[in-house]
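> Following this message is one structure expressed as structure tokens.
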Amino acid sequence: MLSGLFGTAQATLYIPFLVISAVTLLYLVYGRALPKPLSGIPYDENARTSLFGSLPEIREYVREHGRLRPWLAAHSTRHNSPLTQFWFGPFARPTLILSDFQETQDILLRRSREFDRAKRSCDCFEGPVGNHHIAMRTSDPRFKGNKELVKDLMTPAFLHEVSAPEIYTKATCLVDLWTLKAKVAAGRPFNADRDIFDAAIDIINAATFGLHDGLSTVKRQLDTLSKVGDAELPLSPDGSVEFAHPPDAPEIAAIHEISLHIGEQLKASFPKISHRYKVLTKPSLAKAISMKDKLIHDEIEKALARLRSGGRVRSAMDHILQREMNSAKKADRRPVFHSPRIHDELFGYIVAGHDTSATALKWMIKWVADDQVVQNKLRAALRSAYGAALSERRQPSVTELWKIPVPYLDAVIEESLRVTGPIPVAQRRAVVDTVILGQNIPKGTEIIFINNGPSYLSPSVSVPDSARSESSRAKFSHGHWNPEDMHLFRPERWLRIDENGREVFNPQAGPAMPFSLGPRGCFGRRLAYLEIRIVLALLVWNFEFQKLSEELSSHAVVDSITSAPKKCFVALNRVS
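Sequential numbering of the sequence shown, starting at 160, is according to the working numbering.
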């Protein structure tokens with residue numbers, strides 16, 4: 160009995176010790192979980208004292224606005240600082256926001272040894288296309304080999320000889336579809352969003368695989384609508400005509416579903432876990448991935464048969480397979496045509512290639528409809544540049560479209576990309592201890608570079624030259640925008656008069672970064688510019704885009720892989 164009492168007393172003595180230990184441990188964990196700001200960089204005080212950092216405010220903003228990206232620009236503005244910091248949750252390192260074009264350009268172009276692709280950016284793509292170079296850091300041993308495989312796809316020779324004809328063929332098919340829709344709609348607006356998406360995916364599939372018209376979504380639409388004729392079409396409450404959309408070919412539907420999935424990955428808190436979970440719990444996604452793999456496998460086999468029989472290179476896939484043949488011969492090994500890297504590089508080429516171009520074209524079509532003066536000036540510039548086509552009453556040829564300079568066309572494209580760029584952020588991670596604008600940045604810190612805030616669409620925050628890096632001070636050569644109108648759409652800001660009195664396009668007129676910059680910038684930006692140039696020129700050459708109601712011309716945005724307009728309607732008159 161005494162021993163029992165003694166044991167109880169001893170246990171009672173331990174309870175306060177255990178409670179104190181537990182409280183101390185919780186306090187230490189709580190202190191460790193609280194945000195730790197980097198010295199000298201502005202932040203929100205309420206976020207610093209919150210266990211979840213900036214996450215509650217971010218979630219509230221996304222709940223109210225449906226988007227995160229504008230919050231980043233607003234963060235810079237409210238702190239009146241080009242460099243700010245926030246936290247994604249407990250135990251999180253600070254994430255930095257840089258809204259200063261001069262320093263951003265310097266980091267992305269000249270300081271790649273200090274900054275590499277961000278971990279989160281890699282994580283978002285690792286599940287869907289883990290063997291594509293977009294999912295790799297530059298230090299990844301696979302990266303160099305992957306870039307070697309695809310490096311020639313963006314050379315002028317390949318773009319003009321192989322990609323441009325495919326773009327042109329599919330763009331003229333879109334012109335044919337819209338000619339028929341304009342006739343049936345009789346001046347009433349219709350939704351152009353899916354048409355542009357379909358044309359972009361037709362273009363990139365043709366450029367990637369050389370796919371036949373049987374898989375062309377625009378051609379399927381055209382064939383379906385031709386059979387309907389002048390039948391009465393339903394009207395939406397907003398006054399627009401509703402055209403039925405035929406079912407996609409299964410392969411195209413699979414590409415579309417995986418593209419949407421990748422867009423969702425960019426919003427996920429834990430993208431790698433999210434990808435695995437969705438593949439396991441969403442049968443349609445698993446089926447789409449399987450169909451995508453089969454499509455690539457079958458197209459590779461067809462291409463190999465054609466190349467081995469002496470056929471010419473007519474697509475990106477042909478070129479990649481030819482490089483693998485040559486590389487294997489040089490290394491005295493068997494070629495591996497169905498490697499994960501070849502499959503993922505091909506599919507990544509499709510996903511990145513169609514989403515950015517489609518989004519950019521949607522915004523451009525909205526801008527030329529909104530601003531009739533710009534549209535008329537652009538059409539006049541096209542008619543002047545392609546005078547032979549005008550006098551011969553034909554379409555400008557593909558060679559004329561890429562070869563003959565049209566400064567005002569370039570200005571309209573660049574201004575739309577500046578004001579409503581498809582990708583308003585870039586992200587990097589510091590791989591060494593470094594300095595940004597005079598502030599010490601430890602290794603492992605992630606930086607978001609925004610291109611829709613101060614110094615891009617609103618006045619810059621003043622930064623003393625002494626705070627900038629030496630290379631930034633020595634090599635910056637761009638102009639600056641007029642703070643009075645830099646938020647407006649005004650293509651003329653990209654034009655200047657040269658020494659011969661001619662109007663020319665000035666790509667360095669001022670800050671813009673639509674496709675990021677440097678060695679880890681958008682790999683396909685040259686292809687995107689070529690596609691946008693050909694498609695926009697043909698559309699404005701052939702159609703007058705009527706000004707729409709405020710409801711249909713809304714500039715509300717939806718974020719996925721890109722930042723696209725929620726609504727993209729057109730009301731067309733065929734240009735005679």
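All C-beta atoms, glycine included, are put in the ideal place defined by N, C-alpha and C.
1) On the three-state DSSP scale, how would you describe residue 302?
2) Here's the rule: buried if 16 or more other CB atoms are within 10 angstroms of the residue's CB, otherwise exposed. What is residue 611?
3) Note down, one range per segment and in chain order, each alpha helix (DSSP H) of at least 4 residues found wholly within the stretch 235-274.
4) Tell me which same chain residues have a C-beta within less than 6 angstroms of the C-beta of residue 716, skipping the five on either side of it?
5) Which residue comes first and which comes last in the alpha helix (DSSP H) that contains residue 362?
6) Below 8 angstroms, how does it come out for the stretch 491-507 and the stretch 298-309: are there three or more Cβ pairs, yes or no?
7) Once the 5 residues before and after residue 415 are set aside, which same chain residues still bring their CB inside 7 angstroms of it?
8) For residue 294, which option in 587, 714 and 701 has the closest C-alpha, if you only look at C-alpha atoms?
9) Strictly under 9 angstroms for the Cβ-Cβ distance: is residue 323 near chain B by that measure?
10) Which one of 558, 398, 433 and 326 has the shortest CA to CA distance from residue 473?
11) So, helix, strand or coil for residue 588, using DSSP?
12) Under 8 angstroms, with one C-beta from each stretch per pair, do the stretch 477-494 and the stretch 524-541 reach the 3-pair mark?
13) Should residue 661 go down as buried or exposed, given a rule of 16 or more other Cβ atoms within 10 Å for buried?
14) According to the neighbour-count rule (16 or more other Cβ atoms, all chains shown, within 10 Å of its Cβ), is residue 490 buried or exposed?
15) Along the alpha helix (DSSP H) that carries residue 380, what are the first and last residues, could you check?
16) Go ahead and pull the three-state DSSP assignment for residue 724.
17) Does the Cβ-Cβ distance between residue 531 and residue 701 come in under 9 angstroms?
18) Would residue 744 and residue 623 qualify as a contact pair, given that the criterion is a beta-carbon distance under 9 angstroms?
19) Counting C-beta neighbours from all protein chains within 10 Å, is the total for residue 667 16 or more, i.e. buried, or is it exposed?
20) According to DSSP, is residue 402 helix, strand or coil?
21) Going by C-alpha distance, which of 396, 412 and 392 is nearest residue 403?
22) Provide the residue span of the alpha helix (DSSP H) that contains residue 703, from first to last.
23) Starting from the C-beta of residue 626, find all residues in its chain whose C-beta is less than 8 angstroms away, skip the five residues before and the five after it, and write them out in chain order.
24) If you reduce the DSSP assignment to three classes, tell me which class residue 552 lands in.
25) Would you call residue 228 buried or exposed, if buried means 16 or more other Cβ atoms sit within 10 Å of its Cβ?
Quick look at the numbers:
1) Your numbering for residue 302 matches position 143 in the sequence shown. Three-state result, residue 302: helix.
2) Taking the first residue of the sequence shown as position 1, residue 611 is located at position 452. That one is buried.
3) 260-269
4) Walking along the sequence shown from the start, residue 716 turns up at place 557. So the list reads 722, once near-sequence residues are dropped.
5) The count along the sequence shown starts at 1 and reaches residue 362 at position 203. Taken as a continuous stretch (DSSP letters only), the alpha helix (DSSP H) holding residue 362 covers 352-368.
6) yes
7) To locate residue 415, count along the sequence shown from 1; it is residue 256. Here the set comprises 407.
8) As a working note, residue 294 is residue 135 in the sequence shown. Of 587, 714 and 701, the residue nearest in Cα terms is 587.
9) Absent here is chain B; the protein component of the structure consists of one chain.
10) Along the sequence shown, one-based indexing puts residue 473 at 314. Looking at the Cα atoms, 326 is the closest of the given residues.
11) Looking up residue 588 in the sequence shown gives position 429. DSSP places residue 588 in strand when its eight states are reduced to three.
12) no
13) Position 502 of the sequence shown holds residue 661. The residue is exposed, with fewer than 16 neighbouring Cβ atoms inside 10 Å.
14) Counted from its first residue, the sequence shown places residue 490 at position 331. The residue in question, residue 490, is exposed, as its Cβ has fewer than 16 Cβ neighbours within 10 Å.
15) The residue labelled residue 380 in the question sits at position 221 within the sequence shown. Counting along the chain, the alpha helix (DSSP H) containing residue 380 begins and ends at 376-387.
16) Working through the sequence shown from its first residue, we reach residue 724 at position 565. Reduced to three states, the DSSP call for residue 724 is strand.
17) Numbered from 1 along the sequence shown, position 372 holds the residue referred to as residue 531. Numbered from 1 along the sequence shown, position 542 holds the residue referred to as residue 701. No, they are not a contact pair.
18) Nothing can be reported for residue 744: it is not among the residues displayed for the chain, which extend from 160 to 735.
19) Start at 1 with the first residue of the sequence shown, and residue 667 comes out as number 508. Label assigned to residue 667: exposed.
20) Position 243 of the sequence shown holds residue 402. DSSP places residue 402 in coil when its eight states are reduced to three.
21) Within the sequence shown, the letter at position 244 stands for residue 403. Checked all of 396, 412 and 392; the closest Cα to residue 403 is 392.
22) Position 544 of the sequence shown holds residue 703. Counting along the chain, residue 703 falls outside any alpha helix (DSSP H), though it belongs to the beta strand (DSSP E) covering 702-704.
23) What you label residue 626 is simply residue 467 of the sequence shown in a count that begins at 1. The residues are 596 and 597.
24) Your numbering for residue 552 matches position 393 in the sequence shown. The answer is coil: DSSP assigns residue 552 none of H, G, I, E or B.
25) One-based indexing of the sequence shown puts residue 228 at position 69. Residue 228 should be labelled buried.
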